[in-house]
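Participant:
Chains as they are written, first to last, in this note's numbering: chain A, 13 to 352; chain B, 13 to 352; chain C, 13 to 352.
#1: Counting only Cβ-Cβ distances shorter than 7 Å, please list the residues of the region 268-300 of chain A near chain B, keeping chain order.
#2: What does the Cβ neighbour count give for residue 170 (chain A), buried or exposed, with the cut at 16 atoms within 10 Å?
#3: Taking the alpha helix (DSSP H) that residue 46 (chain C) falls in, what are its first and last residues?
#4: Would residue 157 (chain C) and residue 96 (chain C) be called neighbours here (beta carbons separated by less than 8 Å)?
#5: Let me know the secondary structure DSSP gives residue 88 (chain C) once reduced to three states.
#6: Quick one: which chain B residues come within Cβ less than 8 Å of residue 242 (chain C)?
#7: Please identify, using Cβ separations under 9 Å, the residues of the region 328-351 of chain B that lie next to chain E, in order along the chain.
#8: Please state whether DSSP places residue 99 (chain A) in a helix, a strand or coil.
#9: Could you list which residues in chain B have their beta carbon closer than 9 Å to that of residue 93 (chain C), in chain order?
#10: Can you confirm whether the region 257-270 of chain B touches the region 51-62 of chain B when touching is taken to mean that 3 or more C-beta pairs between the two stretches lie within less than 8 Å?
#11: Using the beta-carbon of each residue, which ones in chain B are nearer than 8 Å to residue 203 (chain A)?
#12: Could you check what DSSP says for residue 63 (chain B) in three-state terms: helix, strand or coil?
#13: Enumerated in chain order, which unbroken segments of the beta strand (DSSP E) with a length of 3 residues or greater are wholly contained in the region 241-307 of chain B?
#14: Quick one: which chain B residues come within Cβ less than 8 Å of residue 60 (chain A)?
#15: Is it the case that the region 114-131 of chain B contacts the region 96-106 of chain B, given that we only count it when at least three CB pairs across the two stretches are under 8 Å?
#16: Which residue marks the beginning of the beta strand (DSSP E) containing residue 219 (chain A), and which one marks its end?
#17: Alpha carbons only, please: which of B:343, B:79, B:125 and B:273 is nearest the one belonging to residue 194 (chain B)?
#18: For a quick check, are the C-beta atoms of residue 121 (chain B) and residue 109 (chain B) less than 8 Å apart?
#19: Check the Cβ-Cβ distances between residue 316 (chain B) and every residue of chain C, and say whether any is below 8 Å.
#20: Looking only at its own chain, which residues have a Cβ that is under 6 Å from the Cβ of residue 39 (chain B), when we skip the five neighbours before and after it?
#21: Identify the contact partners of residue 43 (chain A) in chain B, using a Cβ-Cβ distance below 7 Å as the criterion.
#22: Using the rule of at least 16 other Cβ atoms within 10 Å of the residue's Cβ for burial, across every protein chain shown, is residue 75 (chain C) buried or exposed?
#23: Is the distance from the Cβ of residue 353 (chain C) to the Cβ of residue 102 (chain C) below 8 Å?
#24: Please confirm if residue 33 (chain C) has its CB atom under 8 Å from at least one CB of chain B.
#25: Run the CB neighbour count on residue 210 (chain B), radius 10 Å, all protein chains shown included, and call it buried at 16 or more, exposed below.
#26: Could you pull the start and end residues of the beta strand (DSSP E) that residue 117 (chain A) belongs to?
#27: For chain A, is any of its Cβ atoms less than 8 Å away from the one on residue 122 (chain C)?
#28: Looking only at its own chain, which residues have a Cβ that is under 8 Å from the Cβ of residue 229 (chain A), when we skip the five neighbours before and after it?
#29: Could you name the residues of chain B that residue 199 (chain A) contacts, counting a contact when the two beta carbons are closer than 9 Å?
#30: Per DSSP, what kind of secondary structure is residue 345 (chain A) in: helix, strand or coil?
#31: Nearest to residue 62 (chain A) by CA position, among B:346, B:226, B:115 and B:241, is which residue?
#32: Roughly how many whole angstroms lie between the Cα atoms of residue 151 (chain B) and residue 174 (chain B)?
#33: Pick helix, strand or coil for residue 170 (chain B), following the three-state DSSP scheme.
#34: Since residue 135 (chain B) is in the beta strand (DSSP E), which residue starts that stretch and which ends it?
#35: Is there contact between the region 24-41 of chain C and the region 86-94 of chain C, where contact requires at least three CB pairs shorter than 8 Å?
#36: Cutting at 7 Å between CB atoms, please list the residues of its own chain near residue 338 (chain B), excluding the five before and the five after it.
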């Protein structure tokens with residue numbers, strides 16, 4: 013067999029490091045496409061001039077371009093036979109990605125646990141994105157439910173201990189970043205870090221009705237090859253399942269309206285793709301401020317935010333039974349960096 | 013409230029200058045996307061080599077990339093609560109936009125007039141696009157019908173005097189432009205400025221059936237956030253209204269076939285988005301030569317052109333009643349620069 | 013008439029060289045769009061770093077970007093009134109296309125033959141793509157069935173002799189290419205040239221359901237103006253015919269899975285667009301190894317491959333009657349370069 017059948021649960025071993033294929037140079041083209049695919053408007057990732065005014069050398073690529081590119085490379089090795097993407101934890105953005113950088117990924121298997129059904133198992137990996145100088149740009153844990161090849165094989169159990177939240181002290185502020193001369197007129201909103209209160213809920217107001225062509229363009233751009241996103245014959249209902257990361261980028265971009273100055277994503281605490289998203293869905297977003305923290309840089313504050321993508325109303329997440337509402341698509345918990 | 017509710021009629025005051033948010037660096041990615049989204053084929057904006065052959069340093073971005081980028085920035089402040097985009101006047105392209113340039117916009121309120129209904133008002137703004145050196149690249153007037161917040165408030169009336177046509181002497185020829193060695197073989201057509209006669213009508217022959225994904229990609233690329241373009245829940249008929257500028261770019265690109273050498277847009281005299289455009293419409297274009305003028309550059313002539321986008325036949329614009337035909341989408345009056 | 017009506021059969025004369033219009037600079041934007049439009053993952057055209065590791069200065073644009081760009085320019089002169097694209101032969105990629113290069117095309121008429129119906133004729137052209145230094149980057153023969161203007165005119169017959177296969181000695185290995193330190197881990201697959209056996213059939217497994225927006229974005233990007241791709245009023249069934257080259261790129265990109273190390277296309281031996289492709293079709297691909305050859309570079313081997321795009325099953329090409337099956341879209345015969 014010349015083609016990649018993907019790995020099954022038995023094919024992973026604890027501590028193994030998988031070097032993922034196809035390094036990718038990203039640049040001006042990916043930036044333009046990101047702006048065409050998502051309603052992204054953050055001033056730092058839109059403008060070289062603005063980025064320079066806050067101490068950077070140029071406008072870095074959107075933090076989610078780094079995430080999707082690094083994630084996409086892991087798909088052939090991690091999630092080609094995955095039944096579900098179960099969660100994210102301990103994600104940290106370690107260094108901006110600049111136009112012209114070349115990214116590759118590697119993943120260490122840090123946990124394995126068979127499910128009670130005996131036909132699947134959970135695999136935990138810590139994935140690192142590296143640039144052309146071998147510097148880590150991103151680091152995160154995700155775990156997926158993967159099919160077993162045979163029922164009988166036993167695999168040693170190891171469930172990793174994962175921090176429920178990235179400690180604010182561990183967040184990395186991009187080198188040189190100084191919000192001291194941040195232009196709140198040009199960035200689009202006057203709100204500083206101190207203007208956000210824990211518990212505050214922000215309805216981001218705007219919405220996007222999703223098209224097949226758009227999510228496929230995006231998903232291919234990240235070289236994510238999971239068949240369900242592209243091939244209508246993969247599911248009985250003939251629908252293409254939209255890549256969860258597409259929903260993350262949609263929601264994050266929509267959150268500009270109310271969080272225009274949350275320029276950077278610094279940490280990914282947790283995330284759940286609660287319900288599948290399909291073309292034709294009209295996606296809106298709302299955020300809840302979960303926590304606030306100072307950072308090592310005096311001009312930079314961190315907000316811990318819950319970002320929810322939904323087909324329903326802002327502020328609604330779970331029903332009376334404590335379960336996610338069927339309209340909810342994404343529940344993401346992340347740290348953003350804002351001017352203090 | 014952290015989000016932008018948009019301005020209402022009462023929120024504008026005469027003489028006020030609004031600095032619009034989110035400067036944007038444009039470059040190779042935007043150029044490629046422009047060519048993917050529209051059937052643009054002008055040699056100057058397709059080829060660095062061709063641009064050099066007519067005296068420029070490199071291929072500038074399409075003049076409409078400048079227009080859309082500058083226009084898009086104004087939407088959150090000018091047209092978020094607009095009922096209609098009523099017109100354009102006195103538009104001038106003042107300087108090419110080069111890959112790597114960063115654009116921002118500012119608008120001066122130059123006119124205000126309540127409508128007889130008492131629920132809306134007309135706002136006139138003069139918008140300027142500026143590059144990273146603070147040089148104006150584009151300047152135009154547009155006026156929009158905006159909702160009032162309260163019925164009772166009275167606003168002083170000022171209707172600006174606007175020139176019906178940009179005077180040819182006021183048109184700016186890009187610095188260095190010299191069509192003396194213009195290669196009519198490579199540009200696609202042999203027609204010079206002198207080959208066009210006033211009154212001549214050109215059927216541009218080609219047509220494009222518009223898709224939802226395409227107009228949304230384009231409109232997002234210009235960071236235009238008007239909800240009606242993206243969200244099917246905004247209108248009772250569940251349709252997404254296509255950004256008028258998308259139709260302008262479609263028509264202008266289609267006009268290559270017959271106006272291949274009309275390389276630059278130098279002036280915008282007037283423009284009406286006559287009927288709404290929706291996905292599924294098959295758009296074609298025709299032009300009428302309205303006037304001819306010399307410019308300060310001996311090798312460069314100006315043509316005043318009516319550019320019509322329509323779902324109907326070329327040459328047909330108004331019915332017996334003098335009203336625009338329902339098939340007509342756009343009636344644009346502009347100055348183009350051609351080799352003499 | 014200011015617009016281009018296209019040429020008819022009588023408008024071609026043997027030996028004539030047609031210089032096609034609109035040179036085009038390609039770069040980072042076109043590369044990103046290629047990755048968004050097709051599931052392309054070849055390491056050499058994805059990564060500057062990987063390209064350097066095999067002796068190149070940077071990552072060249074995908075060989076099919078060169079093909080489509082060069083081909084697109086010929087459409088207004090060669091195939092605007094074409095009834096069918098009949099075949100390709102003697103195609104050779106002569107030099108990589110680098111970001112920033114400007115391409116133009118010219119075609120020599122090398123064959124003419126009226127069909128028995130008297131209403132059409134076959135035109136053979138040898139098309140060359142040239143960069144800004146006038147160096148040939150690509151050379152191929154294609155022949156098309158073109159409408160006659162009048163029934164009565166007689167045109168001298170000349171049918172060119174075409175090689176059934178490009179001789180391996182004539183294939184050009186990109187200057188500097190050295191697969192000696194090729195990283196098979198990063199490229200995605202361990203298979204070398206020597207691992208492929210003549211007669212071997214590879215099912216590329218993945219599939220893509222095609223959308224209207226995608227094929228139109230692609231076809232416009234190559235400035236291919238044939239009306240049938242964009243305008244639903246062109247065909248009685250209201251369908252837009254997908255540009256055959258879109259299917260070539262889809263199939264070639266899908267073939268990564270099994271041919272990840274077939275980094276370059278060096279020769280095009282033959283090709284047939286067997287059945288039309290329309291939006292909604294789910295396209296898959298399979299390859300057959302037709303031949304193997306050494307090249308002048310010791311680390312580089314050539315594989316002659318049949319690449320089939322189909323809506324049906326892998327390995328199935330023709331029915332019992334010897335005719336192509338209705339599911340088959342493309343039968344392409346090409347030379348690829350791989351590490352030995």
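Where a beta carbon is used, it is the ideal one built from N, C-alpha and C, also for glycine.
Facilitator: So, to answer that:
#1: 269, 270 and 294
#2: exposed
#3: 40-49
#4: yes
#5: helix
#6: 51, 218, 219, 220 and 221
#7: Judged by its chain identifiers, the structure shown contains no chain E, and its protein chains are A, B and C.
#8: strand
#9: Neighbours of residue 93 (chain C) on chain B: none; closest Cβ ~12 Å, over 9 Å.
#10: yes
#11: 14
#12: helix
#13: 276-285 and 294-306
#14: 37, 112, 114 and 144
#15: no
#16: 213-221
#17: B:273
#18: no
#19: no
#20: 111 and 112
#21: 41
#22: buried
#23: The first residue shown for chain C is 13 and the last is 352, placing residue 353 (chain C) beyond what the model contains.
#24: yes
#25: exposed
#26: 114-126
#27: no
#28: 45 and 49
#29: 33 and 34
#30: strand
#31: B:115
#32: 13 Å
#33: strand
#34: 132-142
#35: yes
#36: 287
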